[in-house]
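The letter at position 274 of the sequence shown is residue 273 when you use numbering that gives the first Met the number 0, and the numbering goes up by one with no holes.
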Amino acid sequence: MLIEHLHALQDHFGHLATRHLRALAHRMGLPMAAVFETATFYAHFDIVDDDEAPPPPVTIRVCDSLSCQLAGAAQLKASLQAGVDARQVRVINAPCMGRCHEAPVVEVGHRHLGSATVAAVEAVLAAGDLSPEAIDWQRLAAYQAEGGFTLLADLRAGRVSVDQLAGMLEAAGLRGLGGAGFPTFRKWGFVRAEPAPRYMVINADEGEPGTIKDRHYLERSPHQFLEGALISAAVVDAKATYIYLRDEYPGLHHVLHEAIAELEAAGLATPGDIVLRRGAGAYICGEESALIESLEGKPG
Numbered sequence: 000m001l002i003e004h005l006h007a008l009q010d011h012f013g014h015l016a017t018r019h020l021r022a023l024a025h026r027m028g029l030p031m032a033a034v035f036e037t038a039t040f041y042a043h044f045d046i047v048d049d050d051e052a053p054p055p056p057v058t059i060r061v062c063d064s065l066s067c068q069l070a071g072a073a074q075l076k077a078s079l080q081a082g083v084d085a086r087q088v089r090v091i092n093a094p095c096m097g098r099c100h101e102a103p104v105v106e107v108g109h110r111h112l113g114s115a116t117v118a119a120v121e122a123v124l125a126a127g128d129l130s131p132e133a134i135d136w137q138r139l140a141a142y143q144a145e146g147g148f149t150l151l152a153d154l155r156a157g158r159v160s161v162d163q164l165a166g167m168l169e170a171a172g173l174r175g176l177g178g179a180g181f182p183t184f185r186k187w188g189f190v191r192a193e194p195a196p197r198y199m200v201i202n203a204d205e206g207e208p209g210t211i212k213d214r215h216y217l218e219r220s221p222h223q224f225l226e227g228a229l230i231s232a233a234v235v236d237a238k239a240t241y242i243y244l245r246d247e248y249p250g251l252h253h254v255l256h257e258a259i260a261e262l263e264a265a266g267l268a269t270p271g272d273i274v275l276r277r278g279a280g281a282y283i284c285g286e287e288s289a290l291i292e293s294l295e296g297k298p299g
């Protein structure tokens, strides 16, 4: 929970003063060195000394991935820096924001602008709405009307067995995309054979430039994804499922948070079955071992 607590402090104060880190270390019973090491590892935490001025209240992040660089991100950043009051606004580079199809991309506060221009950024600053853009996503009732959660209900009621599901996966030919093309049904079988307790971790930290498919589907059909997560967790008898979502997707974080709440309200999941965790701006945490380290509150 260390990174979640750091997020709470950063969100509230807009930075992390060393007094915040000392208080958090005391509260969690952790060495100050461990808290400081983790906080300074992640790009989205702003660490300042107690006697140091905090960063400006507004941060503009300009994506510097290949797509955005080709679309003029460097020139856009220079123009923005020349036109803002540095006491109120800072302009910094940021890694891929998962919107390569609308480069160059800028994040003003937590609001993303595709095909960004200086005029568009100035309009957002003038309006003062720096929250994530609204996302139109499929709610639980609409997903259930299409037959959603039927398979999960059949599995829980015993109308479909784990072996039958494995057979469905084998027949479908579903394979991993890591390069080896390993059959998914075999992976699930290996996990189920391991001693309990078992935990499932879902990597939603797609940091490679151009890898924007996860955000596209999760923003539109979160319950389809969540049903799949609950089914796979049931098959391998996982005690809990952790979703590690990159912090560059604040709007999607809100969607998944609400979707999980809908599941819990409908009795399809209990609190703690699915836990949503935020990354903090570290490209390396898309790699599985670094991701797990981050989930445990460590540098990736």
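Heads up, the beta-carbon is just placed ideally off N, CA and C, and yes, glycines get one too. Values in this document were obtained by computation on a predicted structure and should not be read as measured data.
What whole-angstrom Cβ distance do residue i and residue j have, given they're in contact under 8 Å?
{"i": "Tyr241", "j": "Arg276", "result": "6 Å"}
{"i": "Val304", "j": "Val117", "result": "Beyond the ends of the chain as shown, which are 0 and 299, falls residue 304; an answer cannot be given."}
{"i": "Tyr198", "j": "Ala233", "result": "No, Tyr198 and Ala233 are not in contact; Cβ-Cβ is about 14 Å, not under 8 Å."}
{"i": "Glu54", "j": "Asp45", "result": "A small fix is needed here, since residue 54 is Pro in this sequence, not Glu. Pro54 to Asp45, Cβ: 5 Å. Contact."}
{"i": "Leu69", "j": "Ala38", "result": "Not a contact, Cβ separation roughly 34 Å."}
Under a three-way DSSP split, which group does residue i fall into?
{"i": "Thr39", "result": "helix"}
{"i": "Glu257", "result": "helix"}
{"i": "Leu1", "result": "helix"}
{"i": "Arg110", "result": "strand"}
{"i": "Arg60", "result": "strand"}
{"i": "Leu15", "result": "strand"}
{"i": "Ile134", "result": "coil"}
{"i": "Ala156", "result": "helix"}
{"i": "Asp10", "result": "helix"}
CB residue i to CB residue j, shorter than 9 Å?
{"i": "Cys67", "j": "Ala32", "result": "no"}
{"i": "His111", "j": "Val120", "result": "no"}
{"i": "Leu168", "j": "Trp187", "result": "yes"}
{"i": "Asp204", "j": "Gly266", "result": "no"}
{"i": "Ala42", "j": "Ala228", "result": "no"}
{"i": "Ile2", "j": "Gly271", "result": "no"}
{"i": "Leu173", "j": "Pro182", "result": "yes"}
{"i": "His4", "j": "Met27", "result": "yes"}
{"i": "Leu8", "j": "His25", "result": "no"}
{"i": "Ser64", "j": "Pro94", "result": "yes"}
{"i": "His222", "j": "Glu261", "result": "yes"}
{"i": "Gly250", "j": "Ile59", "result": "no"}
{"i": "Ile273", "j": "Ile259", "result": "yes"}
{"i": "Ile230", "j": "Leu151", "result": "yes"}
{"i": "Gly71", "j": "Arg245", "result": "no"}
{"i": "Ala125", "j": "Val61", "result": "no"}
{"i": "Val190", "j": "Val235", "result": "yes"}
{"i": "Ala153", "j": "Val161", "result": "A small fix is needed here, since residue 153 is Asp in this sequence, not Ala. No, the Cβ-Cβ distance between Asp153 and Val161 is not below 9 Å."}
{"i": "Gln137", "j": "Ser78", "result": "no"}
Under 8 Å: does the beta carbon of residue i sit that close to some heavy atom of the ligand SAH?
{"i": "Ile91", "result": "Looking for the ligand SAH in the displayed structure turns up nothing, as the structure carries no ligands at all."}
For residue i, which residues does DSSP report across the bridge?
{"i": "Leu275", "result": "Ile242"}
{"i": "Ala289", "result": "Ala289 is not bridged to any residue."}
{"i": "Ile283", "result": "According to DSSP, which records beta bridges pairwise, Ile283 is partnered with nothing at all."}
{"i": "Val120", "result": "According to DSSP, Val120 bridges with nothing at all."}
{"i": "Thr105", "result": "Note that residue 105 is Val in the sequence shown, not Thr. Paired residue(s): Val61, Leu112."}
{"i": "Val47", "result": "Ala16"}
Worksheet item: If you scan the region 158-245 from start to end, which runs of the alpha helix (DSSP H) of 4 or more residues do you find wholly inside it?
Response: For the region 158-245, whole alpha helix (DSSP H) runs of length 4 or above, ordered along the chain, are 161-171, 183-192, 212-219, 221-234.
Fill in: Segments of 3+ residues assigned as beta strand (DSSP E) that fall wholly inside the region 77-103
You should have 88-93.
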